[in-house]
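Visitor: Can you keep this structure in mind? I'll have questions shortly.
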Amino acid sequence: SKIKKINDLKQKRILFVDEKSTSGYLYPEVYLRKIKLPQSSFKSVEFSGNHAGSVEALENKKADVIAVFADDEKGTQGAWTRFGKIKSVKYKVLWVSEPIPNDPFVVRQAFYDRNPKLTHEIMYHMIEIQNESTPQSLLHEILGHGELMPATQKQYDPVREMSDAFEVKVKL
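Below you can see the structure in the form of structure tokens.
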């Protein structure tokens, strides 16, 4: 492929996953807007419906570039390694977003202000569940992933940036 860097995407066929996909559309779209590569700069902009469909389209040359999930911060693994079927296809990762936070367990600020000790106890007990005999598969089945960890407000800054870019008004 002649695509070596992001600016080589002009007039190429880009394939996103779905307009509601965080990794397959929302984060990449915010990045493309930020670097002044609007959708009008592409030859075509389409949606595949799922990550596997995007990888298949790239392998079959129905798209020049796809936006899909990466499993690590360096982009060494992701949808292309999970769903890729044509072993001779070589992939070039052009950009990897900030990590996308998973769904949080949260308490209202007023609850925390009144009950900081209880809030921390709940948080630590939830984290400890995964260190006990609870199988990771059960956590994955219940939570959608198999690991819990403390989070900070800063980790959600990319989500707020995305909301601002799409002019999403969040009511609290």
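Quick note: the sequence shown uses the numbering used here, first residue 5, plus one each step.
Glycine is no exception: its CB is placed at the ideal position from the N, C-alpha and C atoms.
Just so it is clear, the structure is predicted and the values come from calculations on it, not from any experiment.
1) Return the CA-CA distance between A83 and V21, expressed in angstroms with no decimal places.
2) Determine, using beta carbons only, whether I70 and L19 come nearer to each other than 8 Å.
3) Please look up how many angstroms separate the CB atoms of I10 and D68, rounded, as I've assumed it's under 8 Å.
4) DSSP state of I104, grouped into three classes?
5) Do the CB positions of T26 and I104 come within less than 8 Å of each other?
6) Around the Cβ of V110, are there at least 16 other Cβ atoms within 10 angstroms (buried) or fewer (exposed)?
7) Reducing DSSP to helix, strand and coil, say where A155 ends up.
8) Taking 7 Å as the limit between beta carbons, can you name the residues of its chain near H55, skipping five residues before and five after?
9) Alpha carbon to alpha carbon, how far is P42 from E23?
10) Over the uninterrupted alpha helix (DSSP H) stretch that includes L122, give me the two end residues.
11) Is it a yes or a no for the segment 119-133 touching the segment 95-104, going by three-plus beta-carbon pairs under 8 Å?
12) Quick one: Cα of L30 to Cα of P162, how far?
13) Name the DSSP beta bridge partners of F109, please?
14) Identify which residue in V34, K40, K38, S44 has its Cα closest to the Cα of K16.
15) Per DSSP, what are the beta-bridge partners of F51 in this structure?
Guide: Put simply:
1) Whole-angstrom Cα-Cα distance: 11 Å.
2) yes
3) At roughly 13 Å, the Cβ-Cβ gap does not stay under 8 Å, so I10 and D68 are not in contact.
4) coil
5) yes
6) exposed
7) coil
8) V21, G28, V72, F73, A83, F87
9) 15 Å
10) 120-133
11) no
12) 11 Å
13) BP columns for F109 are empty, so no partner.
14) S44
15) F20
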